[in-house]
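Okay, so the sequence shown: first residue is -9 according to the numbering used here, each after it adds one.
Ideal Cβ positions, reconstructed from N, Cα and C, are used throughout, including at glycine.
The structure presented is a predicted model; accordingly, all values stated were derived computationally and were not measured.
Read the structure below first, then the notes.
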Amino acid sequence: MSSGAREREKVFVEHCKGANGLDKVVLREVRGSSAEVYLYGGQVTSWKNEYGEELLFVSSKATFKSPKAIRGGIPICFPQFGSHGSLEQHGFARNRFWSIDHDPLPFPTNSGNKAFIDLILKPSEEDSKIWSHRYEFRLRVTLGPGGDLMLTSRIRNTNTDGKSFTFTFAYNTYLFVTDISEVRVEGLETLDYLDNLKGRERFTEQGDAITFESEVDKIYLSTPTKIAILDHERKRTFVLRKDGLPDAVVWNPWDKKAKAISDFGDDEYKHMLCVEAACVEKPITLKPGEEWRGRQELSAVPSSYCSGQLDPRKAHYAF
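Take a look at the structure:
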């Protein structure tokens, strides 16, 4: 057997049962990295590197049971981000049962020699009562040969009444970090942001990279396509690349709010940080037949740590 054939053999997709008997899909690639995706929420709940180290945070108190969303991993916020709108917090896509898409549309990214799964969400009769639009939401979750994790969303307006619809969106990504006080985010310096702790008042970020010593809930605007999150304690850097998602949300509840969240451990805020590719400030509008695409790619690489500085452009090549 050729080495190429052996590699293809090791790239596989497994359908199995997860917590509380929920259906999930496990992706594995040749070097040993893996990801798992629950059909409930269409949600990635695990992403491990080739050494088996978990890179995403899921709370020990997470409820893997409808109708509550799973606390951690990468919940999908659609068709509403946050509580600014008529729908439930972060919309309903994260607590609906998705289906495996057995007849997916062609995706622009090459998935050859990669493990991937295609999911689809369509509105139920109950959903149509609370959001009266028809749509197809197609999601491809891909695990690349280097262990990078890519989520590509395609949302199409399938209304037959000629009506457009508008939505906001986010990949609500919970990263696992060793110690939040030793984490810094680079790429958002000097940008404008909306502070959710101050009624979405607009401010401009000052100074160097972002560090953490209290609760944070900010929506950064017109952000670059690449953001770096440095876990100094672990000497690991997460690189988030995105397309079609101009905003970036940064969230950590800190101690007081953590204690008030029922499905979140009191001290778990120390080991997580949400950095989310999003489209919040300027909602997306689709006419019937139109399609929107949004992509987020995550890589985890050894930090090129030197006086706390890292060039995110170089991290792309650190595999």
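Cβ shell of residue i (< 7 Å), same chain only, five flanking positions each side left out
i, result
"residue 6", "14, 16"
"residue 183", "193, 195, 208, 209, 210, 211"
"residue 232", "215, 267, 285, 286"
"residue 244", "204, 205, 259"
"residue 23", "38, 39, 40, 133, 137"
"residue 91", "108, 109, 110, 128"
"residue 97", "130, 142"
"residue 152", "278"
Per-residue burial, residue i [other beta carbons within 10 Å of its own, 16 or more giving buried]
i, result
"residue 284", "buried"
"residue 74", "exposed"
"residue 137", "buried"
"residue 193", "exposed"
"residue 103", "exposed"
"residue 159", "buried"
"residue 2", "exposed"
"residue 297", "For residue 297, the predicted structure reports a pLDDT of 34, less than 50, and the residue's modelled location is therefore unreliable. A value from the coordinates is still provided. Exposed: under 16 other Cβ atoms inside 10 Å."
"residue 280", "exposed"
"residue 80", "buried"
"residue 95", "exposed"
"residue 289", "buried"
"residue 302", "Note that residue 302 has pLDDT 42, beneath the 50 cutoff, so the model's placement of it is unreliable and no number is given."
Nearest to residue i (by Cα), restricted to the options the options
i, options, result
"residue 188", "209, 61, 199, 291", "209"
"residue 109", "252, 131, 289", "131"
"residue 205", "190, 247, 167", "247"
"residue 26", "107, 72, 178", "107"
"residue 82", "254, 219, 116, 174", "116"
"residue 129", "252, 67, 239, 258", "67"
"residue 311", "93, 41, 113, 62", "The structure shown does not extend to residue 311, since the chain is modelled only from -9 through 309, so no value can be given for it."
"residue 135", "76, 78, 39", "39"
"residue 111", "143, 105, 96", "143"
"residue 252", "42, 4, 51", "51"
"residue 119", "152, 140, 77", "77"
"residue 221", "172, 22, 42, 89", "172"
"residue 69", "152, 199, 121", "121"
"residue 255", "43, 62, 191", "62"
"residue 4", "105, 97, 95, 219", "105"
"residue 282", "219, 239, 154", "154"
CB-CB length for residue i against residue j, believed under 8 Å
i, j, result
"residue 46", "residue 37", "5 Å"
"residue 213", "residue 237", "6 Å"
"residue 57", "residue 33", "With a Cβ gap of about 14 Å, residue 57 and residue 33 do not count as contacting."
"residue 249", "residue 170", "So it is not a contact: roughly 16 Å between Cβ atoms."
Cβ-based neighbour list, residue i, same chain, cut-off 6 Å, excluding 5 preceding and 5 following
i, result
"residue 241", "207, 264"
"residue 201", "174"
"residue -1", "Its pLDDT being 48, under 50, residue -1 is placed unreliably in this model, and the value from its coordinates should be taken loosely. Cβ neighbours of residue -1 beyond the five flanking positions: none."
"residue 89", "110"
"residue 191", "185"
"residue 140", "132, 287"
Nonlocal neighbours in the same chain, by C-beta distance under 8 Å from residue i, ignoring five residues either side
i, result
"residue 54", "8, 9, 10, 12, 28, 30, 60"
"residue 292", "225, 226, 227, 308"
"residue 197", "179"
Sub-8 Å separation of residue i and residue j beta-carbons
i, j, result
"residue 35", "residue 20", "no"
"residue 181", "residue 211", "yes"
"residue 123", "residue 149", "yes"
"residue 286", "residue 125", "no"
"residue 217", "residue 177", "yes"
"residue 168", "residue 274", "no"
"residue 165", "residue 262", "yes"
"residue 229", "residue 71", "no"
"residue 277", "residue 147", "yes"
"residue 179", "residue 199", "yes"
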